[in-house]
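In the working numbering, the protein residues as written are 583 to 742.
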């Protein structure tokens, strides 16, 4: 498998540009979690659409809707090379759970602790995250942002 930086260069320039356009690097953590989640959710839904023969059949009056967790599971099930980076799916589910807590609590006192647990998990599973992100211009002290970008890159690579 290609290194992370090679995959980024080959497969995810659009994800990097989208990330730079929409991720609020220098704002409060809750907004970073919400926007980071939206970026990832869009990529998950695009991945599913790319794998389906007729994605439009899921839309409209007679279609159905899937929540984000269901879409993550579906994307993983539809992706033939999903086992190459299994941490990506676990991290995406953790991010979704964190976003759900944030969206349903006016005062989410555990946000920093949950973000720290999320970033610790990502770095444990993908130790070169920080180094790779510095290579694409994300500051070294922006670990949460680096994790979001790393997941984005993997999802774009899975989409092909």
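Just so you know, even glycine gets a beta-carbon here, dropped at the ideal spot from N, CA and C.
Check residue 714 in the structure and name its three-state DSSP category.
-> helix
Go to residue 678, then tell me how far its alpha helix (DSSP H) extends in each direction, as first and last residue.
-> 668–685
Excluding the five sequence neighbours on either side, which residues of its own chain have a C-beta within less than 6 Å of the C-beta of residue 619, listed in chain order?
-> 677, 681
CB residue 673 to CB residue 704, shorter than 8 Å?
-> yes
Taking the alpha-carbon positions, what's the residue 597 to residue 691 distance?
-> 31 Å
For the alpha helix (DSSP H) that contains residue 618, what are its first and last residues?
-> 611–633
contact_flag[the stretch 716–727, the stretch 604–617] where n(CB pairs < 8 Å) is 3 or more = yes
Straight-line CA distance for residue 742 to residue 675?
-> 21 Å
DSSP state of residue 720, grouped into three classes?
-> coil
Identify, in the order they occur along the chain, each residue of the same chain with its Cβ nearer than 8 Å to the Cβ of residue 629, setting aside the five sequence neighbours on each side.
-> 657, 660, 661, 737, 740, 741
Report, in whole angstroms, the separation of the C-beta atoms of residue 734 and residue 625, which I expect to be a contact under 8 Å.
-> 6 Å
Whole-angstrom distance between residue 612 and residue 715, CA atom to CA atom = 21 Å
Would you report the Cα separation of residue 646 and residue 666, rounded to the nearest angstrom?
-> 30 Å
Ordered along the chain, which non-local residues of its own chain (more than five positions away) have a Cβ less than 7 Å from that of residue 627?
-> 653
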